[in-house]
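Below: one structure, written as structure tokens.
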Amino acid sequence: MSEPAHTHVPANTLQASDAERQLEGRAEVLAAARRSHAELELLLSGWGWRRALTRSPEWVPELVEGAAALTEALERVHRRAELDAWPATIPVLRMARELSARRERLLALARRRLEALGVSPGHGSLEETLTRLEVLARQSASWELDSREVLVFETDARWSRHLEVAQRDSGRMAALFGPYASWRGWVPGSGQVRLSNERLIWRSSFGEPRSVRLDDLPAEGLRLDANTREVRAGEDWGVIARRSVDAVNIAALVELVRWPRLRDALRSGRRLESRALFPARLEGAPGHCVLGLEHLSFISAGQGPQSLGAITGRTTSLPAFDADRLVELLRWLPEAEFDSSLGRVLAVTASRRWSRAQVVRIEQEYVGRQPMPLVDSLRLECGGERLLGFPKDSQEVVADGLLRNFPRRQQGPWAL
Numbered sequence: 546m547s548e549p550a551h552t553h554v555p556a557n558t559l560q561a562s563d564a565e566r567q568l569e570g571r572a573e574v575l576a577a578a579r580r581s582h583a584e585l586e587l588l589l590s591g592w593g594w595r596r597a598l599t600r601s602p603e604w605v606p607e608l609v610e611g612a613a614a615l616t617e618a619l620e621r622v623h624r625r626a627e628l629d630a631w632p633a634t635i636p637v638l639r640m641a642r643e644l645s646a647r648r649e650r651l652l653a654l655a656r657r658r659l660e661a662l663g664v665s666p667g668h669g670s671l672e673e674t675l676t677r678l679e680v681l682a683r684q685s686a687s688w689e690l691d692s693r694e695v696l697v698f699e700t701d702a703r704w705s706r707h708l709e710v711a712q713r714d715s716g717r718m719a720a721l722f723g724p725y726a727s728w729r730g731w732v733p734g735s736g737q738v739r740l741s742n743e744r745l746i747w748r749s750s751f752g753e754p755r756s757v758r759l760d761d762l763p764a765e766g767l768r769l770d771a772n773t774r775e776v777r778a779g780e781d782w783g784v785i786a787r788r789s790v791d792a793v794n795i796a797a798l799v800e801l802v803r804w805p806r807l808r809d810a811l812r813s814g815r816r817l818e819s820r821a822l823f824p825a826r827l828e829g830a831p832g833h834c835v836l837g838l839e840h841l842s843f844i845s846a847g848q849g850p851q852s853l854g855a856i857t858g859r860t861t862s863l864p865a866f867d868a869d870r871l872v873e874l875l876r877w878l879p880e881a882e883f884d885s886s887l888g889r890v891l892a893v894t895a896s897r898r899w900s901r902a903q904v905v906r907i908e909q910e911y912v913g914r915q916p917m918p919l920v921d922s923l924r925l926e927c928g929g930e931r932l933l934g935f936p937k938d939s940q941e942v943v944a945d946g947l948l949r950n951f952p953r954r955q956q957g958p959w960a961l
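Numbering (this note's numbering) for the sequence shown: 546 to 961.
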């Protein structure tokens with residue numbers, strides 16, 4: 546924008562009112578920005594800055610919204626001061642310099658607050674840094690699920706800090722005794738992670754819970770390092786699971802929960818109880834069974850990635866894992882959709898399926914002439930193949946009920 550025509554006023558006779566009139570309203574922009582920046586600096590300097598920031602969610606968006614006008618106003622003040630050789634004592638010029646210095650202090654303060662949250666402050670602008678800080682501050686949340694949430698998975702885990710922050714803090718006392726000290730990761734029960742249909746939540750034994758909504762995750766979902774057991778939700782959020790299989794399950798279940806059809810069912814549906822899911826061995830090979838009124842299906846171990854792709858229609862780079870937790874989660878779908886999804890899983894994993902007429906339950910064996918009930922497992926003949934199942938707790942009750950309609954047989958010792 547070109548400078549408007551104006552009457553030159555000698556520097557030694559320039560009045561404050563003349564300077565403000567030449568700026569055409571930009572002095573008011575600076576004055577309003579000075580107040581908002583001062584209030585935010587005071588808020589972030591306080592002991593309870595995090596709670597105060599979450600209780601004033603409009604402050605950061607308002608500052609960001611006015612950033613373009615403020616930048617233009619500052620540039621105009623400094624350009625006019627240089628062109629017209631304004632004296633340093635002109636109030637509007639002093640205000641511009643004070644505001645620029647305050648913005649530098651506020652940026653440094655916001656970056657320190659990001660480090661206090663255990664994340665890398667990065668090199669973004671003041672507005673970008675404040676926006677990121679405000680989002681992370683709101684991620685402190687209740688460990689307990691609300692009435693709209695369904696618990697999908699839970700396991701032990703510890704917080705995973707951003708590597709740059711961990712290296713920068715290595716010489717500080719906080720690194721030795723603070724909640725992110727490396728030795729705390731090896732203390733039993735140092736943290737837990739929960740996945741619901743709405744959030745990923747981490748709770749430390751030494752601090753407040755944190756969470757991130759699944760809708761706020763990157764499109765590609767969680768990043769997994771199966772060797773370190775680390776699962777990251779962007780640069781600022783990560784946990785390290787106690788076992789590699791748990792880390793893989795977290796990443797896989799997040800992908801499945803974000804599948805729109807299942808997400809809708811989890812929010813408004815009912816869990817399908819007329820199926821039993823339990824670990825099993827078919828002719829000695831490990832896997833899992835899905836038992837219904839009319840069919841028995843067996844999915845071999847390690848077929849999780851193929852199963853996930855068949856359900857969601859998206860490819861995945863996750864390492865091998867079992868499909869049992871995926872199928873368990875599908876029970877929230879209506880029955881017809883559950884059967885359709887299971888059919889796609891069976892098709893891509895070359896799994897086995899038998900009708901009720903092909904499955905015979907072995908109820909007891911004989912040792913000599915004495916009948917011996919089979920109480921440690923289910924023993925089935927499936928189309929002439931031998932299957933040993935291990936349902937537990939409620940799944941054992943459901944399986945027993947479903948198998949009442951299946952053929953039964955008593956026979957002599959059966960070596961499995």
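From the three backbone atoms N, C-alpha and C, an ideal C-beta is built for every residue, glycine too.
According to the DSSP secondary-structure assignment, E699 is paired through a beta bridge with R739. A residue is called buried when at least 16 other Cβ atoms come within 10 angstroms of its Cβ; A646 does not meet this threshold and is exposed. Distance from the CA of A868 to the CA of Q903, rounded to the nearest whole angstrom, comes to 24 Å. Between the alpha carbons of D770 and P850 lies a gap of roughly 15 Å. Between T857 and W804, the C-beta spacing is below 9 Å. With three or more CB-CB distances shorter than 8 Å, the region 926 to 933 counts as touching the region 821 to 828. Within the DSSP secondary-structure output, P824 pairs in a beta bridge with H833.
Taking the Cβ atoms as the reference, V776 lies roughly 5 Å from A792, within the contact range of under 8 Å. Listed as beta-bridge partners of S756 by DSSP are I746.
Taking the CA atoms as reference points, L841 sits about 14 Å from P936.
Taking every protein chain shown into account, the CB of T674 has 16 or more other CB atoms within 10 angstroms, so this residue is buried. For H840, the enclosing beta strand (DSSP E) starts and ends at 840 to 845.
Proximity of the region 806 to 826 to the region 783 to 790 falls short of the contact definition, fewer than three beta-carbon pairs being nearer than 8 Å. Considered as a whole, the region 594 to 651 harbours 594 to 600, 604 to 610, 612 to 629 as its complete alpha helix (DSSP H) runs of no fewer than 4 residues, in chain order. The continuous stretches of beta strand (DSSP E) do not include D938, which lies in the alpha helix (DSSP H) extending over residues 938 to 948.
Collapsing the DSSP output to three states places L817 in coil. Beta-bridge partners assigned by DSSP to G934: A825, L923.
By the Cβ test, the region 830 to 839 is not in contact with the region 756 to 766, since fewer than three Cβ pairs between them sit closer than 8 Å.
Around the C-beta of E603, fewer than 16 other C-beta atoms lie within 10 Å, and the residue is accordingly described as exposed. Assignment of beta-bridge partners to G783 by DSSP yields R777.
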